[in-house]
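Colleague: Residue numbers (the numbering used here): 436 to 692.
Ideal placement from N, C-alpha and C gives every residue a C-beta, glycine not left out.
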Ligand code: MG
C-alpha cells in the first residue's frame, strides 16, 4: 500500500494510491485508521506533500558496513544519533535551499522509517510491527558547520537548515526494510547505490534501541544513514533518491533568495 499526503483545491489530506493513477482520500490520518472515503482525485491533479507533517526526525550516522570499511573507520558500538529540526522537512519537487552562508552542502540518500504507533521499550523482534512504512529521504547536510559542531561533541545546525530534509513521495507499507535497493542520482547520474542489507544497525534494532529511552510517537521519522558516494550540491542541481518499492524523491536545488 502507498500512502500520501497531498494538497488539492486549497485543502490538505492523506490518501492512498490506487490503480490507474487515482488517489483515494482517507477519512483521517493513517496513524489512526486506513479507512478510505468516497473522495478521489487523479494523482496528476494533486500536489504531493511530505508524507508526514513536521515530524520529529532522528538521524543515524555511519550505518553502512561497506562505507565504514572503505573510510577505515571503527564501527560504532551504539547507533550514532542526532536530530534534525522539524522545519527541515519538505516534500517531493520542493526546492532544497542552499543557505547564503553555507560553504559545502551535501546530499545524502537514505531510507526513512515512519513510526506508526506509540512505542516504548519494544523488543527487537516486535519492533517492525510499530512501523507504519518507509519513505525516501535526503539528509542534506552543511558539512563545514557539521564538522565544527562534531568537534565540540554536538550536532544540530549543520543538519537543520530549513529544507534540509526532503521526504517522500509515499509511505510504502509491507516492505522488508533489510532488502531494499537505494539509488541516489545527481543531475541524472548515479552517485550512491546500495542494498539496505548492508545496514550495520537494522531498522528493528534502531526502533528497539530508541524506544528503550524515549516514547516514539506516530509519525516520528528515523533516517537510517547514508552509504558511500555523498557529494556537494549547488543551485541548479536536481537530486533524486530512489528506493525499490517506494519510488523516486526528486528535489531541485536553489540559492537562498
Ligand atoms: Mg545521514
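#1: Determine the contact status of residue 688 and residue 667, defining contact as a CB-CB distance below 8 angstroms.
#2: For a test of your reading of the model: does the CB of residue 560 fall under 7 angstroms from any non-hydrogen atom of ligand 1? Yes or no.
#3: Nearest-angstrom Cα distance between residue 621 and residue 637?
#4: Of all the alpha helix (DSSP H) runs that stay within the bounds of the segment 447–530, which reach a length of 4 or more residues?
#5: Under 8 angstroms between C-beta atoms, does residue 442 make it to chain D?
#6: Give the range of the alpha helix (DSSP H) segment to which residue 581 is assigned.
#7: Which residues in the same chain as residue 480 place their Cβ atom closer than 6 angstroms to its Cβ, once the five residues preceding and following it in sequence are excluded?
#8: Closest by CA to residue 535, which one among 554, 577 and 515?
#9: Within its chain, find whatever has a CB closer than 6 angstroms to the CB of residue 572; leave out the 5 residues flanking it on each side and keep chain order.
#10: Do you know offhand how far residue 613's Cα is from residue 662's?
#11: From residue 439 to residue 527, what does the alpha carbon distance come to, in whole angstroms?
#12: List the endpoints of the continuous beta strand (DSSP E) containing residue 596.
#13: Given a cut-off of 8 angstroms, decide if residue 600 and residue 492 are closer than it, judged by their beta-carbon atoms.
#14: According to DSSP, simplified to helix, strand and coil, what is residue 589?
#15: CB residue 592 to CB residue 531, shorter than 8 angstroms?
Modeller: Per the coordinate set shown:
#1: Counted from its first residue, the chain shown places residue 688 at position 253. Counted from its first residue, the chain shown places residue 667 at position 232. No, these two residues do not count as a Cβ contact at 8 angstroms.
#2: Numbered from its first residue, the chain shown carries residue 560 at position 125. It does not: the Cβ of residue 560 is nowhere closer than 7 angstroms to a heavy atom of ligand 1.
#3: Within the chain shown, numbered from 1, the residue matching residue 621 stands at position 186. Within the chain shown, numbered from 1, the residue matching residue 637 stands at position 202. One alpha carbon belongs to residue 621, the other to residue 637, and they sit about 27 angstroms apart.
#4: Taking only runs of at least 4 residues, the alpha helix (DSSP H) segments lying wholly in the segment 447–530 are 500–505.
#5: Among the chains of the structure shown, chain D does not appear; only one protein chain is present.
#6: Here residue 581 refers to the residue found at position 146 of the chain shown. 578–586 is the span of the alpha helix (DSSP H), which, as asked, contains residue 581.
#7: The sequence position of residue 480 within the chain shown is 45, counting from 1. There are no such residues.
#8: Numbered from its first residue, the chain shown carries residue 535 at position 100. The alpha carbon of residue 535 has as its nearest neighbour, out of 554, 577 and 515, the alpha carbon of 577.
#9: The residue you call residue 572 lines up with position 137 of the chain shown. Excluding residues up to 5 positions away in sequence, 545, 547, 602 and 658 lie with their Cβ nearer than 6 angstroms to the Cβ of residue 572 in the same chain.
#10: The count along the chain shown starts at 1 and reaches residue 613 at position 178. The count along the chain shown starts at 1 and reaches residue 662 at position 227. The straight-line gap from Cα to Cα measures roughly 14 angstroms.
#11: Looking up residue 439 in the chain shown gives position 4. Looking up residue 527 in the chain shown gives position 92. A straight line joining the alpha-carbon of residue 439 with that of residue 527 spans about 11 angstroms.
#12: As a working mapping, residue 596 is identified with position 161 in the chain shown. Where residue 596 is concerned, there is no enclosing beta strand (DSSP E), given that its DSSP letter is neither H nor E.
#13: Here residue 492 refers to the residue found at position 57 of the chain shown. Here residue 600 refers to the residue found at position 165 of the chain shown. Yes.
#14: Here residue 589 refers to the residue found at position 154 when the chain shown is read from its first residue. In the structure shown, residue 589 sits in coil (DSSP, three-state: anything other than H, G, I, E or B).
#15: As a first step, residue 592 must be located in the chain shown, where it is residue number 157. As a first step, residue 531 must be located in the chain shown, where it is residue number 96. No, the pair does not count as a contact, with Cβ atoms beyond the cut-off.
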